[in-house]
Amino acid sequence: MSQDCPKDLVRSLVEGTLDVAGSHDGSAADQRASVLAHLEACASCRKLQSKLERNERLVRAALETAGDTDADSECPSPADLAAWTEHALEEDARAKIEEHVARCALCRGSSAIASSPAVLSAFEKGDVPETALDAVRRRVALARAESADAQMSKLTASGRRRSQRTTGRYAAVPASPIAGLGMGFWIAAAAALLVAVGLIAFRETTTVEAPVAEKPSAPTPVVPPAPPSTRESPAPRDPREAPPIAPRETPSPDTRTPAETPAESPVVDQNPPEAEPEEDDGRHAPRGVGAPKTGGPDIARRPDPKGPDPKGPDEKQPKDVVGRQDGGPKRTDEPVLACAVEGLSGPIEVKKKDGKWHALAAGDLLHAGDSLRAKGNDASLTVASRAKVQLDGDTVGTVAFTRTGVKLTIESGGLGFDHLVLAAGAGKPTVTGRDQGTAPFLVARTVGAGAKKVATRSANTALASPDVEPTSVHWLRRCAPAGLGQRADGAGRDIPLSDGIHEGLRPK
Amino acid sequence: MSPVASREEEGELVRACIEGKDAAWERLVRDYSGGALAGVKAALRQRGHGSDPALEEELLADSFEILAAEGGATLRSFRGESGLATFISVVATRRAFRVLRDRLRHGKAVDRKGEQEKRAPRTGEPDPAQNVQAAERASLMVETIAELSGSDKLLLTLFYLDGRSYKDIAAVTGLAVTGVGTKIARARARLKERLARRGVSTDGSDPDI
Numbered sequence: 001m002s003q004d005c006p007k008d009l010v011r012s013l014v015e016g017t018l019d020v021a022g023s024h025d026g027s028a029a030d031q032r033a034s035v036l037a038h039l040e041a042c043a044s045c046r047k048l049q050s051k052l053e054r055n056e057r058l059v060r061a062a063l064e065t066a067g068d069t070d071a072d073s074e075c076p077s078p079a080d081l082a083a084w085t086e087h088a089l090e091e092d093a094r095a096k097i098e099e100h101v102a103r104c105a106l107c108r109g110s111s112a113i114a115s116s117p118a119v120l121s122a123f124e125k126g127d128v129p130e131t132a133l134d135a136v137r138r139r140v141a142l143a144r145a146e147s148a149d150a151q152m153s154k155l156t157a158s159g160r161r162r163s164q165r166t167t168g169r170y171a172a173v174p175a176s177p178i179a180g181l182g183m184g185f186w187i188a189a190a191a192a193l194l195v196a197v198g199l200i201a202f203r204e205t206t207t208v209e210a211p212v213a214e215k216p217s218a219p220t221p222v223v224p225p226a227p228p229s230t231r232e233s234p235a236p237r238d239p240r241e242a243p244p245i246a247p248r249e250t251p252s253p254d255t256r257t258p259a260e261t262p263a264e265s266p267v268v269d270q271n272p273p274e275a276e277p278e279e280d281d282g283r284h285a286p287r288g289v290g291a292p293k294t295g296g297p298d299i300a301r302r303p304d305p306k307g308p309d310p311k312g313p314d315e316k317q318p319k320d321v322v323g324r325q326d327g328g329p330k331r332t333d334e335p336v337l338a339c340a341v342e343g344l345s346g347p348i349e350v351k352k353k354d355g356k357w358h359a360l361a362a363g364d365l366l367h368a369g370d371s372l373r374a375k376g377n378d379a380s381l382t383v384a385s386r387a388k389v390q391l392d393g394d395t396v397g398t399v400a401f402t403r404t405g406v407k408l409t410i411e412s413g414g415l416g417f418d419h420l421v422l423a424a425g426a427g428k429p430t431v432t433g434r435d436q437g438t439a440p441f442l443v444a445r446t447v448g449a450g451a452k453k454v455a456t457r458s459a460n461t462a463l464a465s466p467d468v469e470p471t472s473v474h475w476l477r478r479c480a481p482a483g484l485g486q487r488a489d490g491a492g493r494d495i496p497l498s499d500g501i502h503e504g505l506r507p508k
Numbered sequence: 001m002s003p004v005a006s007r008e009e010e011g012e013l014v015r016a017c018i019e020g021k022d023a024a025w026e027r028l029v030r031d032y033s034g035g036a037l038a039g040v041k042a043a044l045r046q047r048g049h050g051s052d053p054a055l056e057e058e059l060l061a062d063s064f065e066i067l068a069a070e071g072g073a074t075l076r077s078f079r080g081e082s083g084l085a086t087f088i089s090v091v092a093t094r095r096a097f098r099v100l101r102d103r104l105r106h107g108k109a110v111d112r113k114g115e116q117e118k119r120a121p122r123t124g125e126p127d128p129a130q131n132v133q134a135a136e137r138a139s140l141m142v143e144t145i146a147e148l149s150g151s152d153k154l155l156l157t158l159f160y161l162d163g164r165s166y167k168d169i170a171a172v173t174g175l176a177v178t179g180v181g182t183k184i185a186r187a188r189a190r191l192k193e194r195l196a197r198r199g200v201s202t203d204g205s206d207p208d209i
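Protein chains in written order, with our numbering: chain A, 1 to 508; chain B, 1 to 209.
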């Protein structure tokens with residue numbers, strides 16, 4: 001390598017900073033051309049370039065390690081990151097966030113996009129399809145309704161146990177449940193001793209509050225005045241149900257009316273005074289509150305014990321199970337919101353009774369009797385923010401969402417399944433299924449991440465889950481037949497899980 | 001309401017949403033969905049994801065759900081230090097990146113397993129001493145980069161890792177576009193200096209790794 005070799009330029013070329021290579025005359029493009037020409041002629045410079053490129057790869061790999069950490073929990077709040085993006089923070093706060101952003105690709109990306117002129121100008125144009133806006137409105141309404149639910153649950157859980165007040169005789173509070181009562185109850189009881197007449201009215205009012213917590217979870221879009229979708233049919237209101245709510249109380253049952261400014265009224269007016277005993281799905285009232293549990297999970301739509309059509313499926317193509325539900329669960333028009341649809345390798349498709357298969361999107365309303373399929377893809381569907389169904393491969397089935405649970409009709413035959421493992425959740429699910437010959441399926445319930453119980457049921461039999469509060473519904477991987485044990489009797493029994501079962505499911 | 005709305009107007013809108021006014025939420029959704037959707041699309045593009053209207057709409061709905069969830073906790077965190085458009089963009093793009101990252105992890109887990117099963121026994125293993133040397137060098141580089149100042153690290157990651165243009169880097173860092181190149185070169189020089197102090201040369205004078 002001679003003294004004239006432009007080593008600095010070669011280094012700058014490799015590092016990508018040729019345009020700031022100091023004192024060299026000429027534009028960056030000229031310098032680049034000059035260096036490249038030299039490299040063609042000079043073997044020693046090419047060797048240097050090669051070494052520098054190797055080092056450069058190491059530096060970039062080190063930057064990748066340092067700059068793409070998975071420190072999600074350390075990410076600043078959206079408000080902080082937005083303020084940093086607009087350079088609106090004080091020096092200390094700015095430096096701290098800058099330190100994090102340098103390490104976090106997620107925050108770097110968010111900041112860069114948020115500050116880009118293209119995105120900022122899109123806020124002015126507002127070019128969003130109306131269907132997408134409707135989906136957003138439904139999700140917002142759902143989130144607001146759930147927030148209101150949670151708030152009411154807190155009020156209910158603050159010590160007002162329904163069983164303590166069924167007689168209205170507050171003087172007869174038994175001693176044993178006292179430990180479970182919260183401060184709210186004692187405040188109410190203390191007030192009752194002081195103002196008897198007024199408290200009687202108060203407590204009678206609050207005795208109907210428990211059913212409030214058990215109101216149906218079917219979300220109702222309130223914000224949009226327009227119908228949610230042309231695909232869905234109007235939902236006739238069940239007089240036993242609470243009227244649809246925004247996060248505030250709205251007396252009108254008509255979901256299509258424009259949202260009116262809600263009154264700040266207490267939750268007590270939202271429910272009918274004689275709500276039917278409903279399943280405690282754990283999301284509203286705490287355990288022990290509410291009417292005694294009934295045997296079936298779905299009072300309004302008890303499935304036909306015969307199950308779906310026993311005819312064999314078409315092995316070549318998944319069929320619409322809805323069409324086979326002769327004698328099966330009756331279709332209801334009460335829709336349920338598909339909250340999160342994640343097609344990991346492909347879309348989830350839905351088909352209405354008389355329609356064609358089309359891709360399911362979040363925000364779509366599902367009706368009982370709709371068919372779902374993943375068509376060779378992995379996907380998951382979260383419904384009404386409660387039940388999550390994962391579709392594995394060629395799974396096909398019909399999902400019915402009720403006020404108190406989830407009912408699944410699974411077509412396992414003809415798709416290469418030996419066994420189907422299913423964890424049922426979101427209340428008291430009823431599972432009916434069919435198998436091919438001697439292939440049973442397993443049912444387990446999950447509470448959080450662990451399986452509560454594993455039981456087997458033969459096909460074509462409705463399964464009434466025991467009194468557990470599961471939180472999710474899973475389609476699990478096909479499991480090997482070995483080690484699954486025999487078919488269970490009507491009551492079900494625990495059997496060991498095979499190795500093929502999904503990792504997240506283990507019996508206690 | 002467009003981004004040119006005053007901070008006071010934005011603050012009033014946020015307050016009205018937090019108070020639970022349906023009309024305010026409707027306005028928020030209608031006026032800010034466009035930019036949020038653009039942010040989601042940009043995030044997907046940045047990660048090499050093709051156009052997917054269903055996913056984009058889902059992520060858009062996710063973003064507003066995040067704002068409304070838990071009594072509007074996320075929306076309540078808005079302090080008015082930034083514009084509401086920037087705030088909502090951050091929420092939307094973060095959601096998009098996280099969903100894509102989670103999907104990628106799922107895919108990676110599967111691929112890694114498959115790759116391990118398929119991998120043939122290696123022949124001609126390199127010298128273990130060289131492997132150790134290379135690993136140590138790489139480790140030193142990572143440590144040295146971690147010691148850089150936040151601004152140097154940010155410049156280097158934006159330029160070398162994210163492949164951002166000078167203009168984008170200027171927008172993120174607040175630097176003048178004309179000064180970005182110089183700043184990057186100086187950050188690079190400081191990195192080189194630190195590496196040299198640790199005995200790691202980046203000028204090609206080291207023996208081959």
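Where is the CB? At the ideal position from N, CA and C, for every residue including glycine. These numbers come from a predicted model, not from an experiment.
Determine whether the Cβ of residue 133 of chain B lies closer than 9 Å to any Cβ atom of chain A.
no
What is the C-beta distance between residue 187 of chain B and residue 152 of chain B, in whole angstroms, given that I count them as a contact (C-beta under 8 Å)?
4 Å
Anything in chain B within Cβ reach of residue 116 of chain A, meaning under 8 Å, just list it in chain order.
42, 168 and 171
If the cut-off is 8 Å on Cβ atoms, which residues from the stretch 70 to 86 of chain B count as contacting chain A, listed in chain order?
Taking 8 Å as the Cβ-Cβ cut-off against chain A, the residues of the stretch 70 to 86 of chain B that qualify are 70, 71, 72, 74, 77, 78, 79, 81, 82, 83, 85 and 86.
Just how far apart, CA to CA, sit residue 74 of chain B and residue 146 of chain A?
Looking at the two C-alpha atoms, the distance is approximately 15 Å.
Identified DSSP bridge partners for residue 359 of chain A
A:349
What residues from chain B crowd round residue 151 of chain A, counting only those whose CB sits closer than 9 Å?
71
Euclidean distance between Cα positions of residue 124 of chain A and residue 39 of chain A
50 Å
In the DSSP output, what is residue 99 of chain B paired with across the bridge?
Residue 99 of chain B is not bridged to any residue.
Looking at the unbroken alpha helix (DSSP H) that takes in residue 233 of chain B, where does it start and where does it end?
A question about residue 233 of chain B goes unanswered here, because the residues of chain B that appear run from 1 up to 209.
Would residue 80 of chain A and residue 95 of chain A be called neighbours here (beta carbons separated by less than 9 Å)?
no
Cβ-based burial, residue 197 of chain B [other Cβ within 10 Å; buried from 16]:
exposed
Have a look at residue 367 of chain A and residue 55 of chain A and give me their C-alpha separation to the nearest angstrom.
60 Å
Measuring alpha carbon to alpha carbon, tell me which of A:91, A:101, A:102 and A:106 ends up nearest residue 98 of chain B.
A:106
Quick one: Cα of residue 11 of chain B to Cα of residue 170 of chain B, how far?
28 Å
In chain B, which residues lie less than 8 Å from residue 362 of chain A when you measure between Cβ atoms?
57, 58, 61 and 62
Hey, which unbroken runs of the alpha helix (DSSP H) at 4 residues or more fall wholly within the stretch 123 to 176 of chain B?
128 to 147, 150 to 156 and 166 to 173
Once the 5 residues before and after residue 29 of chain B are set aside, which same chain residues still bring their CB inside 7 Å of it?
64
Contact criterion: CB-CB distance below 9 Å. Does residue 38 of chain A meet it with respect to chain B?
no
Which chain A residues are close to residue 150 of chain B, counting only those with a beta carbon under 7 Å from its beta carbon?
For residue 150 of chain B, the residues of chain A that pass the 7 Å Cβ criterion are 95, 98, 99 and 102, in the order they occur in the chain.
Does the distance from the CB of residue 341 of chain A to the CB of residue 364 of chain A come in under 9 Å?
Using a Cβ distance threshold of 9 Å, residue 341 of chain A and residue 364 of chain A count as a contacting pair.
Within this structure, are the beta carbons of residue 67 of chain B and residue 96 of chain B separated by less than 9 Å?
no
With 9 Å as the threshold, decide whether the Cβ of residue 64 of chain A is near any Cβ in chain B.
Interface residue, yes.
Which residues, in order along the stretch 115 to 135 of chain A, keep a beta-carbon less than 9 Å from a beta-carbon of chain B?
115, 116, 117, 118, 119, 120, 121, 122, 123, 124, 125, 126, 127, 128, 129, 131, 132, 133 and 135
Could you list the residues in the stretch 172 to 200 of chain B with a C-beta less than 7 Å from some C-beta on chain D, going in chain order?
Going by chain labels, chain D is absent from the structure shown, which instead holds the protein chains A and B.
Quick one: is residue 36 of chain A buried, meaning 16 or more other Cβ sit within 10 Å of its Cβ, or exposed?
When all chains shown are included, residue 36 of chain A counts as exposed.
Taking the alpha-carbon positions, what's the residue 88 of chain B to residue 36 of chain B distance?
6 Å
Under 8 Å from the C-beta of residue 87 of chain A: neighbouring residues of chain B
By Cβ distance, chain B contributes 174.
Roughly how many angstroms separate the alpha carbons of residue 90 of chain A and residue 61 of chain B, rounded to a whole number?
33 Å
Pick helix, strand or coil for residue 182 of chain B, following the three-state DSSP scheme.
helix
Within 9 Å, strictly: CB atoms of residue 157 of chain B and residue 113 of chain A:
no
State yes or no: is the beta carbon of residue 11 of chain B nearer than 9 Å to at least one beta carbon in chain A?
no
Beta carbon of residue 86 of chain A nearer than 9 Å to that of residue 86 of chain B
yes
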